[in-house]
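This report concerns only the one structure given below.
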Amino acid sequence: MVDMMHQGPYIMNNTSPRMMGVAGGTQQDGGYMEQEEEWEREGLLDPAWEKQQRKTFTAWCNSHLSKAGTQIENIEEDFRNGLKLMLLLEVISGETLPKPDRGKMRFHKIANVNKALDFIASKGVKLVSIGAEEIVDGNSKMTLGLIWTIILRFAIQDISVEEMTAKEGLLLWCQRKTAPYRNVNVQNFHLSWKDGLAFCALIHRHRPDLIDYSKLSKDNPLENLNTAFDVAEKHLGIPRMLDAEEMVNMVKPDERAVMTYVSCYYHALKGAQKVNVEPTNEAKKGFGVGGAGMPIIPNTNIDNNFVSPIGTASSVPYNNKMAETASNRICKVLRVNQDNERMMEEYERLASDLLDWIRRTTPWLENKTTDNKLSTAQKKLEEFRAYRRMHKPPRVEQKGKLETNFNTLQTKLRLSNRPAYMPSEGKTVRDINNAWKGLEHAEKGFEEWLLSEMMRLERLDHLAQKFKHKADTHEGWTQGKEALLQSQDFRNCRLYEVKALKKKHEAFESDLSAHQDRVEQIAAIAQELYSLNYHDSASVNARCQRICDQWDRFGTLTQKRRQALEEAERVLEKIDQLHLEFAKRAAPFNNWLDGAREDLVDMFIVHTIEEIQGLIEAHEQFKRTLGEADQEYNSIIKLAQEIQSFATQYQIPGGVENPYTVLLPSEITTKWNDVRQLVPKRDQTLQSELIRQQRNEGLRRKFAEKANGVGPWIERHIDAVAAIGMGMQGSLEEQLMKLRQYEEAVNMYKVHMEEMEKIHQEVQENMIFENRYTQYTMETLRVGWEQLLTSIQRNINEVENQILTRDSKGITQEQLNEFRASFNHFDKTRTGRLNPDEFKSCLISVGYNIRNDRQGENDFRRIMSRVDPNNTGYVTFDAFLDFMTRESTDSDTAEQIIDSFRILASDKPYITAEDLRRELPPDQAEYCIQRMAPYKGIGSVPGALDYRSFSTALYGESDL
3 MVDMMHQGPY IMNNTSPRMM GVAGGTQQDG GYMEQEEEWE REGLLDPAWE
53 KQQRKTFTAW CNSHLSKAGT QIENIEEDFR NGLKLMLLLE VISGETLPKP
103 DRGKMRFHKI ANVNKALDFI ASKGVKLVSI GAEEIVDGNS KMTLGLIWTI
153 ILRFAIQDIS VEEMTAKEGL LLWCQRKTAP YRNVNVQNFH LSWKDGLAFC
203 ALIHRHRPDL IDYSKLSKDN PLENLNTAFD VAEKHLGIPR MLDAEEMVNM
253 VKPDERAVMT YVSCYYHALK GAQKVNVEPT NEAKKGFGVG GAGMPIIPNT
303 NIDNNFVSPI GTASSVPYNN KMAETASNRI CKVLRVNQDN ERMMEEYERL
353 ASDLLDWIRR TTPWLENKTT DNKLSTAQKK LEEFRAYRRM HKPPRVEQKG
403 KLETNFNTLQ TKLRLSNRPA YMPSEGKTVR DINNAWKGLE HAEKGFEEWL
453 LSEMMRLERL DHLAQKFKHK ADTHEGWTQG KEALLQSQDF RNCRLYEVKA
503 LKKKHEAFES DLSAHQDRVE QIAAIAQELY SLNYHDSASV NARCQRICDQ
553 WDRFGTLTQK RRQALEEAER VLEKIDQLHL EFAKRAAPFN NWLDGAREDL
603 VDMFIVHTIE EIQGLIEAHE QFKRTLGEAD QEYNSIIKLA QEIQSFATQY
653 QIPGGVENPY TVLLPSEITT KWNDVRQLVP KRDQTLQSEL IRQQRNEGLR
703 RKFAEKANGV GPWIERHIDA VAAIGMGMQG SLEEQLMKLR QYEEAVNMYK
753 VHMEEMEKIH QEVQENMIFE NRYTQYTMET LRVGWEQLLT SIQRNINEVE
803 NQILTRDSKG ITQEQLNEFR ASFNHFDKTR TGRLNPDEFK SCLISVGYNI
853 RNDRQGENDF RRIMSRVDPN NTGYVTFDAF LDFMTRESTD SDTAEQIIDS
903 FRILASDKPY ITAEDLRREL PPDQAEYCIQ RMAPYKGIGS VPGALDYRSF
953 STALYGESDL
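Here the sequence shown is numbered in the working numbering, starting from 3 and rising by one per residue.
This is the structure in structure tokens:
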């Protein structure tokens, strides 16, 4: 394809056909826009790429802005206000943009940038995700993206090589220009340019005088790059947009930066392809004409010796008209013959090419064999579709063109009176049509066969996938099952664990039966694959055979494991029954042994001969049960021996361990032996105790014999003394005489008490605590003896006091008897004491008036304080007699003593120590001074003493 002239985006005007095509949305523009959108989707830049882009884009912008007398330093900052961006677009487009806003506010900047973006959009460029705000804000990614869009539109889009444009056209141009050069293989715009040779090749191809390519080496990329960059900047006017060190050090240079720089080479070197030769009409038809009327010839076809054919045709003049006419006729005939020969040659060439293609294609279509793989059939289908879509349509056109050319040729021959053209043998139109029919017949049969084969192979592939899925599922299910069936895990299990394993095995057998269908399906699918000639039937059959063999083993192993579990269950149930029987019999027997041992070693305590005889009888009864116990012991030991033998016979680990009891046969044996050894020891201990109890029985009889004499004697004397104490038995002097006589008798009887003490000591030493032969104990005898002595002494004292009272008070015997009779009447318990209620009744009986009101209660409390000054809670006969004698006789009272002290004090309510020492004996005066309280009443003087409280205290009336 002829390359068209390109003057660069910065010198194009609105009348440019290329620019009009872009603005109008032509097909060329559509391809560019798709390419641009693809580049926009590349995402965020690598930091190294971003740095390289920034440097390259900045240099590219400055190469155009320098024409307007300005530059940029920071690509993000210098374009933020939109002014230089608008200027850049005016320079590279040659058009005038709207007048910019000169304000410095943010909205002014946004307005300027929007004007630039609107201009770009008016050129048919889609600005993907680029907004004025991002540019004004100095967004690096957006700014670089915008500049790249401008470079694409105004520097790369218009590049056209053959039918390729933009990036592909630029890449093809580079490939063609560098094709003859060693070590150069341009495939992209990043890695292909790292060593610098491609840049040097482009320069050398157009300006060999600038670089000696033969001296360059692929091993010196840094030197190559710097050479190319320096030459391009110095001799071609291309600014240095890339950094050699970055190109070498980066794993993958930035594609956009390299494309931008290479596009500058394209525009700078393109002029080297122009040839300043005035074209002829044929040159115009053959090569095309550029915009300036100059023929544009690809560099690979440039012939520096090219000469216009018109120049040779018109150099020789003809003076003879006839000769000129003859010459013209000859030329015309020759031209016709040459055209006909050219069409014949073209027909022969096209016919040969078409027939060769049919001969090559027909066997391929007739080959209806595959390797039974769906992928192969799919590949054949793809090849057939490619044949129908790509290879056959050009041949159909070729066949049509061949027929058209043949008809045209025959017509020209007939019109020029030439004989009809006869193609070479086998290349006639009929031959070609027959070959074509054969091709189409083979094509139709091939398509039908291929579709049916695809269906068959899809069926096979489906069956193979189904087989694989079912086989995988089955093998996953069988994973570990065979090892489990061969396991002897039940050997160390207890009965409940074996039962659980048996239940688990029954569940497995059910699961095994359920999986039978899957195994049958696997076998059926494998058979169907084999019958359908599946390409991998061998491996399918082998896998199916492994599954079936394993399934047969499963059946055998399942039966064996079930039998083994049943046998283990039977053995363990038997030994479990033996364990349970042992536990049932050993536990009560062990309890009996424990009880027997406790009884045999029990430290018994008996106090009578009957108790020891009872123990001996119980022991004899126990000995009579030993025969039966011995039988039970032997049966239990025999049971234990049977368990041991059974566990050893069937090799049951831990078979002798009884889950129902912790008792061991050895423990039973030890306890039984202990019982047998303790029985005779118990016999000896009981007999020794019997002898001791017989000796104690003699001591009881001896004590009882003596006590039964002493006890009644003491009781008789106590009663006699008590009778005397109750009075009414003669005069007081007679009572006193009798009491003295009893006192003497008691002293004489003391020797019997001493004998009792000796016998009692012997009884205590033998630990005798009870005596059924007497009601008397040593303690009761002692109490009675002491009570007798105390009663005699008390009664003697009371009688003596009564005699003293009688004589001092002048009470007659009849009064005394009357008082005694009243006291005894209310002494219901015969203790010689009256409680307050009994004393109150006694007072009322003797004529004492006690009112039944609060005053009467106060009077009675005052009386009780006199007769019971110690608050014992009872009144003796002496206290009663003293009270009665005071009431019935003239005696000193507290008032009389108070009156006497008043006389000594000269009628003053108090008395002094000097008064007392003056009127009373010294000892009695000091007695009163120490006990009298200070007087605190009216008219008190220092040292005054209270004689009133002292007098009432003497008679116990101070609290009333």
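We put the beta carbon where it would ideally sit given N, CA and C, even for glycine.
Which whole-angstrom value describes the C-beta separation of residue i and residue j, a residue pair presumed to lie in contact below a C-beta threshold of 8 Å?
| i | j | result |
| --- | --- | --- |
| Leu-531 | Ala-466 | 6 Å |
| Ala-270 | Leu-238 | 5 Å |
| Gln-193 | Lys-254 | Reading off the sequence, residue 193 comes out as Leu, not Gln. Confirmed, Cβ separation roughly 6 Å. |
| Thr-971 | Ala-946 | Lying outside 3 to 962, the shown extent of the chain, residue 971 is not represented and no answer is given. |
| Thr-60 | Thr-262 | Incorrect: roughly 11 Å between the Cβ atoms, too far for contact. |
Does DSSP classify residue i as helix, strand or coil?
| i | result |
| --- | --- |
| Met-934 | coil |
| Arg-56 | helix |
| Leu-244 | coil |
| Asp-551 | helix |
| Asp-948 | strand |
| Arg-351 | helix |
| Thr-372 | coil |
| Thr-807 | helix |
| Thr-167 | strand |
| Val-753 | helix |
| Ser-162 | strand |
| Ile-913 | strand |
| Gly-23 | Per-residue confidence for Gly-23 stands at a pLDDT of 32, beneath the threshold of 50, marking its modelled position as unreliable; no derived number is given. |
| Thr-430 | coil |
| Thr-878 | strand |
| Arg-82 | coil |
| Leu-487 | helix |
| Arg-835 | strand |
| Val-608 | coil |
| Lys-128 | coil |
| Gln-2 | Because the chain is modelled from 3 through 962, residue 2 falls outside the range shown and cannot be assessed. |
Keeping to the same chain, check which residues put their C-beta closer than 7 Å to that of residue i; ignore five residues upstream and five downstream.
| i | result |
| --- | --- |
| Trp-674 | Leu-595, Tyr-635 |
| Val-186 | Thr-180, Leu-199, Ala-200, Ala-203 |
| Thr-145 | Ile-77, Glu-78, Phe-81, Ile-137 |
| Leu-336 | none |
| Leu-818 | Gln-804, Arg-808 |
| Ile-112 | Ala-134, Glu-135, Val-138 |
| Gly-140 | Glu-78, Glu-79, Arg-82 |
With a CB to CB cut of under 8 Å and the five nearest residues on each side skipped, what residues in its chain are close to residue i?
| i | result |
| --- | --- |
| Ser-847 | Ser-824, His-827, Phe-828 |
| Gln-412 | Ala-422, Tyr-423 |
| Phe-771 | His-609 |
| Lys-66 | According to the sequence provided, residue 66 is His. The question's Lys does not apply to it. Closer than 8 Å at Cβ, skipping near neighbours: Tyr-12, Leu-90, Val-93, Ile-94. |
| Arg-520 | Lys-472, Thr-475, His-476 |
Any idea if residue i is buried or exposed, counting beta-carbon neighbours within 10 angstroms, 16 or more meaning buried?
| i | result |
| --- | --- |
| Lys-236 | exposed |
| Pro-100 | exposed |
| Arg-555 | exposed |
| Arg-56 | buried |
| Val-127 | buried |
| His-762 | buried |
| Gly-147 | buried |
| Gln-159 | buried |
Does at least one heavy atom of the ligand ADP sit under 7 Å from the Cβ of residue i?
| i | result |
| --- | --- |
| Asp-214 | What this structure holds is no ligand at all, so the ligand ADP is not there to describe. |
Among the residues of its own chain, which have a CB less than 6 Å from the CB of residue i, if the five just before and after it don't count?
| i | result |
| --- | --- |
| Leu-367 | Ala-444, Glu-445, Phe-448 |
| Glu-42 | With a pLDDT of 44 at Glu-42, under the threshold of 50, the modelled position of this residue cannot be trusted; read the value that follows with caution. So the list reads Val-130, once near-sequence residues are dropped. |
| Ile-899 | Ser-953 |
| Ala-709 | Thr-776, Tyr-778 |
So does the region 530 to 545 actually touch the region 464 to 483, counting three or more Cβ pairs closer than 8 Å?
-> Verdict: yes, contact present.
Would you say the region 399 to 408 touches the region 348 to 366, given that touching needs at least three Cβ pairs under 8 Å?
-> The count of Cβ pairs closer than 8 Å, one atom from the region 399 to 408 and one from the region 348 to 366, reaches three, so the stretches are in contact.
Determine, using beta-carbon pairs with one atom in the region 151 to 168 and one in the region 106 to 125, whether at least three such pairs fall under 8 Å.
-> Cβ pair count under 8 Å is three or more, so yes.
Cβ pair count under 8 Å reaching 3, the region 596 to 607 against the region 662 to 669 = No, they do not touch.
Would you check if there are 3 or more beta carbon pairs closer than 8 Å linking the region 646 to 654 to the region 572 to 586?
-> Yes, the region 646 to 654 touches the region 572 to 586.
Hey, is the region 778 to 792 in contact with the region 744 to 760, meaning 3+ C-beta pairs nearer than 8 Å?
-> Under the three-pair Cβ rule at 8 Å, the region 778 to 792 counts as touching the region 744 to 760.
State whether the region 503 to 514 contacts the region 423 to 443, with contact taken as three or more CB pairs (one from each stretch) at a distance under 8 Å.
-> Two segments are said to touch when three or more pairs of C-beta atoms, one from each, lie closer than 8 Å; by this definition the region 503 to 514 does not touch the region 423 to 443.
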